[in-house]
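One structure below.
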Amino acid sequence: MSDPLAQKPNVLAFFHTALANERSFEAIAKEIAPGIVTRHIVREDLLDRARAAGGVSEALQAEIASVIEENIEPGDCVMLCTCSTIGGGADLAKHPQVPILRLDRPMAQAAVALGRRILVAACLESTIGPTEALLRGESDTLDIETLLIDGAWSHWTAGAPEAYWAAIAARIAERIEDFDAVVLAQASMAGAAALLGAHATPVLSSPRLGIGAAIKLVDASQ
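Converting from the sequence shown to our numbering requires adding 1378 to each position, the first position being numbered 1.
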């Protein structure tokens, strides 16, 4: 008799800290690879704790790594952490067979390739440090400035994404011409990129780049 686990399709597993991300990430994954099998883990408490503490401590990073590792199941081919704030914990997580990726790393690599002057825009202060650290890990010659867009996050939590993206775009537009690239530190900010298309400076967001990289690994394993 065949092993049922051996027959299970290779799965792209998402690790979220916001329930709202599940639907949008599922849609992008199915658009890029219509036949892909996915599953979603949501741990909003981890982001809540990081925000309450003003960042991710070493102890919380270690806990996040353990939680991610514990949520890997038979059949998973890739585990993709979609939250930039807890990305350091994803970097610490290890599994002997399953790669654990952070969504924003391909975005950081793309930004570094565009030039030294990078603007990191965020709506949650807890995201700025991890994103800046990720960029500096890709290159130690960057000139990074940060932009915290106060007040925009309330639009997202109220279920008003268009107002959220408009507020983000308006603030970034004031400074965009001074940089080689703009990095949208949170996946939820991706919709603002389209509103800034008239500017020459590239505006990078993480969802499509990160999911695309994960899907390539899934395809390579089949």
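Yeah, the Cβ is synthetic: ideal placement off N, Cα and C, and Gly gets one too.
Proximity of residue i and residue j at Cβ, strictly below 7 Å
i	j	result
T1505	A1563	yes
W1531	C1501	yes
L1526	E1503	yes
L1573	A1547	yes
I1478	M1457	yes
S1584	L1425	no
H1473	I1450	yes
A1428	E1447	no
R1421	T1395	yes
Option nearest residue i by Cα separation, candidates the options
i	options	result
E1400	P1580, E1448, I1554, C1459	C1459
E1516	L1470, V1420, P1484	P1484
T1519	W1534, I1527, E1510, L1526	E1510
I1522	A1411, D1528, L1512	L1512
D1528	E1552, L1390, A1499, E1555	A1499
L1438	C1455, G1467, E1422, A1576	G1467
A1559	A1565, A1551, I1419	A1551
A1568	E1540, R1553, G1413, E1409	E1540
A1545	V1561, F1557, A1570	A1570
Run of the alpha helix (DSSP H) containing residue i, from where it starts to where it stops
i	result
L1513	1503-1516
R1427	1422-1431
H1577	Here H1577 belongs to no alpha helix (DSSP H), and DSSP marks it neither H nor E.
A1437	1436-1448
Simplified DSSP assignment, three categories, for residue i
i	result
F1403	helix
R1549	helix
L1397	coil
D1454	strand
Q1385	Note on Q1385: pLDDT 45, under 50, position unreliable in the model; the coordinate value appears next. Note: Q1385 maps to helix in three-state DSSP.
T1463	coil
I1419	strand
S1380	Here the model assigns S1380 a pLDDT of 44, short of 50, so the residue's position is not dependable, and the following value carries that caveat. DSSP places S1380 in coil when its eight states are reduced to three.
A1559	strand
Whole-number beta carbon distance between residue j and residue i, since they are thought to touch under 8 Å
i	j	result
A1489	I1496	5 Å
T1535	E1555	Not a contact, Cβ separation roughly 31 Å.
C1455	L1595	7 Å
I1589	A1391	Rounded, the Cβ-Cβ distance is 12 Å, inconsistent with contact.
Enclosing beta strand (DSSP E) for residue i [first to last residue]
i	result
T1524	1521-1526
I1496	1495-1500
L1479	1478-1480
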